[in-house]
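Number of protein chains: 2
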Amino acid sequence: MGKENLGEFEELVLLMVAVLKDCAYGLAICDEFKAQTGRVATIGAVHATLNRLETKGFVASTLGQATKERGGRRKRLFEITASGKKALLQSRDVKVNLWTQIPDLSIQKI
Amino acid sequence: MGKENLGEFEELVLLMVAVLKDCAYGLAICDEFKAQTGRVATIGAVHATLNRLETKGFVASTLGQATKERGGRRKRLFEITASGKKALLQSRDVKVNLWTQIPDLSIQKI
DNA sequence: ATGATTTATTTTATTTTATAGAACAAATAT
DNA sequence: ATATTTGTTCTATAAAATAAAATAAATCAT
């Protein structure tokens, strides 16, 4: 039994998969990651993480069809599983709960 | 320049430090971690992480006084720094923002 | 049709985080 | 003294994250 909690990068990648819905594949996730977090994720890191998430059962993948655009080879499309959703919700709930215990920290200081 | 983002375990340990306020030291953090997350963190892992957080500037530590209870040797007390608070808020904001983009996932299914 | 370009995944190597457990230290209790 | 309790530090290993290069399959231009 592999552990069922998500690493920091794993959690973000999984959120990107959920946000991108039916357009979630390696490069798109990589771009979305940068757009959403401001951080740069290398494509190798994203794919390694997607593979890990798949063996953990948090995502499932299928091969899409090639598109007629230049270089548009077949994409490996990912979607979040029920188990993946559960892991995301659990991870969020623990933190939301902790945040309610430190209300002073929540106040944005300018 | 070390990177400024928090790992998963680092983030949770930092939240425990914030929750425990002036009572944040190794063993207490370890216990709080279990109470809050349900997961078991070994004391070695907690201290290793606290040291890492300190070199990153997210926590600061001071030696407390020994208490008169049995075995009550001096504790190393940790407190979150301004930079640590900023890192926590940033980490939270990115995720909160992502969650608003997947409202369907937020609906708790029974 | 063949070589260049583009989109895309896979592979390999290294560093950083995380986990586990033992060792060590300093206090009180008996 | 020595046993027990609370506490930190050290060491070794496994897992996750990062970086960069290699490979693959499609289109475009000639």
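Protein chains in written order, with the numbering used here: chain A, 43 to 152; chain B, 43 to 152.
Glycine included, C-beta positions come from ideal geometry on N, C-alpha and C.
Original post:
DSSP on Arg81/B, reduced to helix/strand/coil?
Top reply: Judged by DSSP in its simplified three-state form, Arg81/B adopts coil rather than helix or strand.
Original post:
With 8 Å set as the bound, which would you pick, yes or no: does the beta-carbon of Val55/A sit closer than that to a beta-carbon of chain B?
Top reply: Any Cβ of chain B closer than 8 Å to the Cβ of Val55/A would place that residue at the interface, and such an atom is absent.
Original post:
So the beta strand (DSSP E) Ala102/B belongs to, where does it begin and stop?
Top reply: Where Ala102/B is concerned, the enclosing beta strand (DSSP E) stretches over 101–105.
Subject >> Nonlocal neighbours in the same chain, by C-beta distance under 8 Å from Gly68/A, ignoring five residues either side >> reply: Correct list, in chain order: Ile85, Val88, His89, Leu92, Lys117, Arg118.
Original post:
Counting only beta-carbon atoms, is Val88/B nearer than 8 Å to chain A?
Top reply: Not one chain A Cβ lies under 8 Å of Val88/B.
Original post:
Does the pairing of the stretch 50–58 of chain A with the stretch 137–147 of chain A give three or more beta-carbon distances under 8 Å?
Top reply: Not touching, per the Cβ criterion.
Subject >> Unbroken beta strand (DSSP E) run spanning Leu119/B, endpoints >> reply: From DSSP, the beta strand (DSSP E) with Leu119/B extends over 118–122.
Subject >> CB contact check: Leu119/A to chain B, cutoff 8 Å >> reply: Not an interface residue.
Subject >> Cβ of Val61/B within 8 Å of any chain A Cβ >> reply: Taking CB atoms only, Val61/B has a neighbour in chain A less than 8 Å away.
Original post:
Any residues in the stretch 64–98 of chain B with a beta carbon nearer than 8 Å to a beta carbon of chain A? Which ones, in chain order?
Top reply: For the stretch 64–98 of chain B, which is checked against every Cβ of chain A, the residues closer than 8 Å are Gln78, Thr79, Arg81.
Subject >> Beta-carbon proximity list for Gly99/A, same chain, < 8 Å, skipping 5 on both sides >> reply: Thr123, Ser125, Gly126, listed in sequence order.
Subject >> Rounded straight-line distance, which links the Cα of Ala70/B to that of Lys76/B >> reply: Straight-line spacing of the CA atoms in Lys76/B and Ala70/B works out to 10 Å.
Original post:
Is the shortest distance between the beta-carbon of Lys217/B and the beta-carbons of chain A less than 8 Å?
Top reply: Nothing in the structure corresponds to residue 217/B, since chain B is present only between 43 and 152.
**OP:** Check whether the Cβ of Val136/A lies closer than 8 Å to any Cβ atom in chain B.
**Re:** Yes, Val136/A counts as interfacial toward chain B.
Subject >> Residue closest to Leu48/A, alpha-carbon to alpha-carbon, out of Asp146/A, Ser133/A, Lys137/A, Glu96/A >> reply: Measuring from the Cα of Leu48/A, the nearest candidate turns out to be Ser133/A.
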